[in-house]
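J.:
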Amino acid sequence: MDEALQAEWKDLVKRIELTFGEGIEIETIIVLIGMQELGKGYFKPTKDEKLDLLHIATCKLMEPLGYYKYIGKDADGWPHWETVNNLPTLKPGQQKEILKRAIITYFKENELATS
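Under my numbering, the letters of the sequence shown match residues 3 to 117, in that order.
1) Distance check for Tyr72 and Ile28, CA to CA, integer angstroms please.
2) Going by CA-CA distance only, name the one from Glu5, Ala6 and Arg17 that's closest to Phe109.
3) Alpha carbon to alpha carbon, how far is Glu39 from Ser117? Give it in angstroms, no decimals.
4) Specify the secondary structure class of Gly41 as computed by DSSP and reduced to three states.
5) In whole angstroms, what separates the C-alpha of Lys12 from that of Asn112?
6) Using only alpha-carbon positions, find the residue among Gly68, Ile105, Thr91 and Gln8 that is nearest to Ala59.
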């Protein structure tokens, strides 16, 4: 990961930690994005709901990159996407870097966790 991305990531995590406490991990940030996109406020998700929230966030984060297209919400208010292009096969470090870039972009575009 390049130095600029690393610095921007650390800054974003510090700002998020001001609200949610120290030691927040990328998976937790992705779950929080899923909650934001679900639009039902914060709740303690079950294991299955956590997986659903991870999926919502991943689709939302990858949508601008052309991998998913938002198709709407179901009767329960859960958002859904369809696959437009399959995600490429990446090494774990590459996956994390793409997600970090997408998360930073998401927070900038939504003006979240800004100081």
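We treat Cβ as the ideally placed atom computed from N, Cα and C, and that holds for glycine.
T.: Let me spell this out:
1) Position 26 of the sequence shown, counting from 1, holds the residue named residue 28. Position 70 of the sequence shown, counting from 1, holds the residue named residue 72. If I take the Cα positions, the gap works out to 23 Å.
2) Within the sequence shown, numbered from 1, the residue matching residue 109 stands at position 107. Nearest of Glu5, Ala6 and Arg17 to Phe109, Cα basis: Arg17.
3) For the purposes of this step, residue 117 is identified with residue 115 of the sequence shown, where counting begins at 1. For the purposes of this step, residue 39 is identified with residue 37 of the sequence shown, where counting begins at 1. With a pLDDT of 46 at Ser117, under the threshold of 50, the modelled position of this residue cannot be trusted; read the value that follows with caution. If I take the Cα positions, the gap works out to 21 Å.
4) Here residue 41 refers to the residue found at position 39 when the sequence shown is read from its first residue. In the structure shown, Gly41 sits in coil (DSSP, three-state: anything other than H, G, I, E or B).
5) For the purposes of this step, residue 12 is taken as the residue at position 10 of the sequence shown. For the purposes of this step, residue 112 is taken as the residue at position 110 of the sequence shown. Near 18 Å, if we compare the C-alpha coordinates of Asn112 and Lys12.
6) One-based indexing of the sequence shown puts residue 59 at position 57. Among Gly68, Ile105, Thr91 and Gln8, the Cα nearest to that of Ala59 is on Ile105.
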